[in-house]
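Colleague: Chains as they are written, first to last, in our numbering: chain S, 8 to 214; chain Z, 405 to 599.
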Amino acid sequence: MHAEPPLGGAGAEETDDAELVSRSQTGDLKAYDQLVMRHRNRIFAMIRNMTHHEADAWDLTQDVFIKAWNALANFEAKAKFTTWLYRIAHNVVYDWNRKRKHEFAGELNDEIFDNERIDPAAVAIPHVGDSPDEKMAMGELKSKIEAALSKISPEHREIVILKDVQGLAYKEIAEVMGCTIGTVMSRLFYARQKLQTLLRDEYESRS
Amino acid sequence: MNPDRETLLLWLEDELSLDEQKTVDAWAADHPEWLGKRDSARRWRQQMGQIMEPAAAMPYGEFFQSRLMRSIEQCVQTTVILPEPVSAPVSSKNGSWRKWMLPFSVAAAMIMGFIGGRQWQDKPHRSKTLVTYTPEEGVKAEFFETSPAEGTVIVLNGVEALPDEFADIVSAATPSLDLRDSSEKKHDGAILVAP
Numbered sequence: 008m009h010a011e012p013p014l015g016g017a018g019a020e021e022t023d024d025a026e027l028v029s030r031s032q033t034g035d036l037k038a039y040d041q042l043v044m045r046h047r048n049r050i051f052a053m054i055r056n057m058t059h060h061e062a063d064a065w066d067l068t069q070d071v072f073i074k075a076w077n078a079l080a081n082f083e084a085k086a087k088f089t090t091w092l093y094r095i096a097h098n099v100v101y102d103w104n105r106k107r108k109h110e111f112a113g114e115l116n117d118e119i120f121d122n123e124r125i126d127p128a129a130v131a132i133p134h135v136g137d138s139p140d141e142k143m144a145m146g147e148l149k150s151k152i153e154a155a156l157s158k159i160s161p162e163h164r165e166i167v168i169l170k171d172v173q174g175l176a177y178k179e180i181a182e183v184m185g186c187t188i189g190t191v192m193s194r195l196f197y198a199r200q201k202l203q204t205l206l207r208d209e210y211e212s213r214s
Numbered sequence: 405m406n407p408d409r410e411t412l413l414l415w416l417e418d419e420l421s422l423d424e425q426k427t428v429d430a431w432a433a434d435h436p437e438w439l440g441k442r443d444s445a446r447r448w449r450q451q452m453g454q455i456m457e458p459a460a461a462m463p464y465g466e467f468f469q470s471r472l473m474r475s476i477e478q479c480v481q482t483t484v485i486l487p488e489p490v491s492a493p494v495s496s497k498n499g500s501w502r503k504w505m506l507p508f509s510v511a512a513a514m515i516m517g518f519i520g521g522r523q524w525q526d527k528p529h530r531s532k533t534l535v536t537y538t539p540e541e542g543v544k545a546e547f548f549e550t551s552p553a554e555g556t557v558i559v560l561n562g563v564e565a566l567p568d569e570f571a572d573i574v575s576a577a578t579p580s581l582d583l584r585d586s587s588e589k590k591h592d593g594a595i596l597v598a599p
């Protein structure tokens with residue numbers, strides 16, 4: 008029987024990943040089984056946060072690991088396996104979003120995102136702690152944030168999830184999303200700004 | 405000296421190397437507003453990590469794993485490259501005889517097939533077509549046996565979600581049936597069968 012993987016996921020296990028990946032590349036299914044066990048909870052959480060749909064996230068996570076298996080021969084050991092896996096998840100979710108109605112068509116225009124225009128002094132960090140609802144239950148807080156996230160574009164949502172939830176660095180996010188670090192910085196700036204406005208509106212409407 | 409814009413953004417996210425971090429920390433000591441911004445950024449990331457779950461327990465984890473590995477095994481089996489069939493060496497004499505006979509053999513087989521088909525059509529016969537029962541049109545059934553989970557799972561893709569009232573109806577009709585876990589109702593496409 009499979010042991011449930013720790014929810015903490017990857018991290019210090021990168022060295023073991025390399026060995027499991029190299030065994031999987033030779034066709035060792037047991038090694039790949041272990042790799043999946045190790046990373047499935049993180050990939051599932053990322054996709055669920057992106058799609059807000061548990062059943063779809065479950066199926067899309069299956070797709071991610073099937074695609075990863077098929078592309079494993081092209082994976083180069085110098086890259087980080089988790090970043091590569093996030094990249095596949097990004098593509099799978101992107102395709103899923105494309106098939107759905109384009110609710111946010113036109114909202115995200117990279118031409119307006121000029122990294123040079125960001126003033127670090129204007130950096131907007133959303134906050135949820137110092138409001139009258141500081142002691143709001145975690146579940147309620149989660150639904151507020153989820154509601155706010157669902158109102159921003161999929162690209163903005165993804166960047167917030169990868170940075171603030173999954174804890175990836177700017178450089179890793181750039182690899183996952185296939186863009187420059189400057190673009191990641193700009194998108195995160197605008198995404199947080201929007202999120203801050205949405206969360207503030209949420210609190211003001213409650214008080 | 406003031407750090408540049410990119411360095412400041414990286415500093416806010418704690419992504420600088422140790423040496424760079426020390427340099428900007430020294431600069432920030434004279435700019436308390438920046439220390440405040442970094443604290444806010446750290447607090448936000450910590451809260452988001454706690455609230456939004458960077459890793460979530462996969463529902464039906466065993467089933468997920470066995471279904472995935474089964475799909476991969478099927479992929480592996482279908483992509484196995486078969487060796488080139490080795491044909492037995494044929495003498496040139498036999499070869500020429502076979503070449504000469506081939507068109508006649510094909511023609512004879514076609515005629516036999518045509519006559520056989522006509523005779524079969526003329527006779528009344530029972531249909532031997534297998535009938536597959538599907539509860540609804542467009543429903544695809546898949547069957548899985550998971551030895552680690554010691555269970556059997558039948559997945560009906562395309563079945564409409566069961567209404568919540570269904571559980572109450574079933575509970576009332578069969579008091580022994582336990583439908584306590586509401587999260588299981590969400591996956592009503594999968595039917596878990598006890599071993």
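Cβ atoms here follow ideal geometry from the backbone N, Cα and C, with glycine treated the same way. Predicted model only: the values in this text are computed from it and were never measured.
With Val559 of chain Z as the anchor, note down where its beta strand (DSSP E) starts and where it stops.
Modeller: Gly555 to Asn561
Colleague: Return helix, strand or coil for Glu165 of chain S, following the three-state DSSP convention.
Modeller: helix
Colleague: Report yes if the C-beta distance between Leu79 of chain S and Ser31 of chain S is below 8 Å; otherwise report no.
Modeller: yes
Colleague: Assign Ala3 of chain S to one of three DSSP states: helix, strand, or coil.
Modeller: Given a span of 8 to 214 for chain S in the structure shown, any question on residue 3 of chain S remains unanswerable.
Colleague: Please say whether Thr33 of chain S and Phe51 of chain S have beta carbons closer to each other than 8 Å?
Modeller: No. Outside cutoff.
Colleague: When you check each C-beta in the segment 164-194 of chain S against every C-beta of chain Z, which residues fall closer than 7 Å?
Modeller: Asp171, Val172, Gln173, Gly174, Ala176, Tyr177 and Met192
Colleague: Taking Cβ to Cβ, would you say Asn98 of chain S is nearer than 8 Å to Cys479 of chain Z?
Modeller: no
Colleague: Can you tell me whether His46 of chain S is buried or exposed, with buried defined as 16 or more other CB within 10 angstroms of its CB?
Modeller: By the neighbour-count rule (16 or more Cβ atoms within 10 Å), His46 of chain S is buried.
Colleague: I'd like to confirm the pairing. Which residues does DSSP put opposite Glu544 of chain Z in its beta bridges?
Modeller: The question names Glu, but residue 544 of chain Z is Lys in the sequence shown. Within the DSSP secondary-structure output, Lys544 of chain Z pairs in a beta bridge with Z:Asn561.
Colleague: Output the residue ranges of the alpha helix (DSSP H) runs that lie fully inside the segment 416-482 of chain Z and measure 4 residues or longer, sorted by chain position.
Modeller: Those alpha helix (DSSP H) runs which fall completely within the segment 416-482 of chain Z and span 4+ residues are 422-432, 436-456 and 465-482.
Colleague: Excluding the five sequence neighbours on either side, which residues of its own chain have a C-beta within less than 6 Å of the C-beta of Lys74 of chain S, listed in chain order?
Modeller: Ile95
Colleague: Less than 8 Å separating the beta-carbons of His163 of chain S and Lys201 of chain S?
Modeller: yes
Colleague: Output yes or no for whether 8 Å exceeds the beta carbon distance between Ile166 of chain S and Leu195 of chain S.
Modeller: The Cβ atoms of Ile166 of chain S and Leu195 of chain S lie closer than 8 Å to each other.
Colleague: Taking all protein chains shown into account, do 16 or more other C-beta atoms lie within 10 angstroms of the C-beta of Gln481 of chain Z, making it buried, or fewer, making it exposed?
Modeller: exposed
Colleague: When you check each C-beta in the segment 65-78 of chain S against every C-beta of chain Z, which residues fall closer than 8 Å?
Modeller: Trp65, Thr68, Gln69, Phe72, Ile73, Trp76 and Asn77
Colleague: For Asp66 of chain S and Phe468 of chain Z, what's the separation of their Cα atoms in angstroms?
Modeller: 9 Å
Colleague: With a threshold of 16 other CB atoms inside 10 Å of the CB of Phe72 of chain S, please say whether the residue is buried or exposed.
Modeller: buried
Colleague: CB Gly453 of chain Z to CB Val172 of chain S, shorter than 8 Å?
Modeller: Closer than 8 Å, so yes.
Colleague: Is Asn56 of chain S closer than 8 Å to Met462 of chain Z when the C-beta atoms are compared?
Modeller: no
Colleague: Could you run through the segment 443-463 of chain Z and flag, in chain order, every residue whose CB is less than 7 Å away from some CB of chain S?
Modeller: Ser444, Ala445, Arg447, Trp448, Arg449, Gln451, Met452, Gly453, Ile455, Met456, Glu457, Pro458, Ala459, Ala460, Ala461, Met462 and Pro463
Colleague: Checking contacts by CB at 8 Å: is Asp35 of chain S closer than that to chain Z?
Modeller: no
Colleague: Show which residues of chain Z have a CB atom less than 8 Å away from the CB atom of Met145 of chain S.
Modeller: Those within 8 Å of Met145 of chain S in chain Z are Gln454 and Ile455.
Colleague: Given this structure, state the Cα-to-Cα distance separating Pro161 of chain S from Gly555 of chain Z, to the nearest angstrom.
Modeller: Rounded to the nearest angstrom, the two C-alpha atoms are 38 Å apart.
Colleague: Is it right to say Thr58 of chain S is buried, meaning 16 or more other beta carbons lie within 10 angstroms of its own, or is it exposed?
Modeller: buried
Colleague: Can you tell me whether DSSP reads Gln173 of chain S as helix, strand or coil?
Modeller: coil
Colleague: CB Thr90 of chain S to CB Glu153 of chain S, shorter than 8 Å?
Modeller: no
Colleague: When the distance is taken between beta carbons, is Ala445 of chain Z closer than 8 Å to Leu439 of chain Z?
Modeller: no
Colleague: If Glu419 of chain Z sits next to Ala86 of chain S, beta carbons under 8 Å apart, how far is it from one beta carbon to the other, in whole angstroms?
Modeller: For a cut-off of 8 Å, the C-beta gap from Glu419 of chain Z to Ala86 of chain S is around 19 Å, too long to register as a contact.
Colleague: Once you ignore the five residues that flank Ala64 of chain S on each side, which residues in its own chain have a CB closer than 7 Å to its CB?
Modeller: Phe51, Ile54, Arg55 and Thr58
Colleague: Just how far apart, CA to CA, sit Pro436 of chain Z and Val428 of chain Z?
Modeller: Roughly 12 Å between the two C-alpha positions.
Colleague: Which one of S:Met145, S:Asn48, S:Thr204 and S:Lys170 has the shortest CA to CA distance from Glu417 of chain Z?
Modeller: S:Lys170
Colleague: With a 10 Å radius around its C-beta and 16 neighbouring C-beta atoms as the bar for buried, classify Ala511 of chain Z as buried or exposed.
Modeller: exposed
Colleague: Leu560 of chain Z versus chain S: which residues are under 9 Å apart at the beta carbon?
Modeller: Close partners of Leu560 of chain Z in chain S (Cβ separation under 9 Å) are lacking, with about 13 Å as the shortest Cβ gap.
Colleague: Can you find a CB in chain Z that lies within less than 8 Å of the CB of Glu162 of chain S?
Modeller: No, Glu162 of chain S does not count as interfacial toward chain Z.
Colleague: Helix or strand or just coil, what does DSSP make of His46 of chain S?
Modeller: helix
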